[in-house]
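Residue numbering for the sequence shown follows this note's numbering, beginning at 651 and increasing consecutively. The C-beta atom is built at its ideal place from N, Cα and C for all residues, glycine as well. Working notes for the structure below.
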Amino acid sequence: MAITSLTTTCCAPVSVAKLTPLTGYNTVWISGDRGETIHMALSGGGAFGGPGGSASQTLELDGNGQGQASVCALAADNGPALVVLAATDATGAQWRRPLQFAPLVPGPGKFLWYGAAVGAGAGGGRQATIFVAIDQTTDLGAMRLVAARATGAGLIRVDGVTGDGKIQQVGADGCAAIQAVDPLPETVTVRASLPESADGEVVFVNCPFVAEPGGAEMKLAEARQRAPAAVGEM
651 MAITSLTTTC CAPVSVAKLT PLTGYNTVWI SGDRGETIHM ALSGGGAFGG PGGSASQTLE
711 LDGNGQGQAS VCALAADNGP ALVVLAATDA TGAQWRRPLQ FAPLVPGPGK FLWYGAAVGA
771 GAGGGRQATI FVAIDQTTDL GAMRLVAARA TGAGLIRVDG VTGDGKIQQV GADGCAAIQA
831 VDPLPETVTV RASLPESADG EVVFVNCPFV AEPGGAEMKL AEARQRAPAA VGEM
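Dropping the structure here:
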């Protein structure tokens, strides 16, 4: 029993508790034998699942030999961070991957901070994630909704359902995680906006998707019909 592949996203925003409750995370996907148990450990200030999570975790692969985990970087200040993942399979073989995290980006208007975990594989339902923290202290009251669309063949996924454009709830902490998927290896631009805001704030994030063996195939002309082709159409 052995790991056959280990892929990750890159560049999720660091988690800086003194600035914002926003928690960014990189996603780790592991493939191997069905039911195999993988032992994972982090070094460099990382945690599985969130700020209260542990630096070690076991992952049991499902009936298709697939599993995934979320890793955040706990930082004292807003700067880049590097967390190293070590994953050990039943044979004792160890895979190591550096997980890069980027500083939080100040947003426009009621978007206080944002960032994105990108570089997911195309065609297999693996997601890029855009993280946003939204001001909840405005005179108009809390912003409860965030809307998102993607260019190219990109789709937005909310609660497991994908579409050309989606509206989702903002959490009680004023944060939201927007997932984008793509059947094609390409770079798409995700546009996030606040339907309840009269100020028209918009955040644009570029999300590259990479080719992976076994990804679903779709003719480019067919894929282009599923979403706008340019930011100006969004």
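DSSP places Thr670 outside both helix and strand once states are collapsed to three, so it counts as coil. Annotated three-state conformation of Lys760 is coil, per DSSP. In the structure shown, the three-state DSSP call for Arg794 is coil. Nearest to Thr839 by C-alpha distance, out of Ile817, Thr658, Gly703 and Arg799, is Arg799. When rounded, the separation of the alpha-carbon atoms in Glu862 and Gln777 is 13 Å.
A contact is defined here as three or more CB-CB pairs under 8 Å, and the segment 690-697 fails this definition with respect to the segment 651-662. At least 7 Å separates the beta-carbon of Thr670 from that of Cys722. Counting the other CB atoms within 10 Å of its CB gives Val796 a total of 16 or more, which places it among the buried residues. Here the segment 779-789 makes contact with the segment 813-829; the two share three or more CB pairs at distances below 8 Å.
A check of alpha carbon separations from Met793 across Ala826, Gly715 and Val831 identifies Ala826 as the nearest. For Ala697 and Tyr675, the gap between their C-alpha atoms comes out near 9 Å.
For Ala705, the CB contacts under 7 Å within the same chain, skipping 5 residues up- and downstream, are Ala691, Leu692, Gly696 and Ala697 in chain order.
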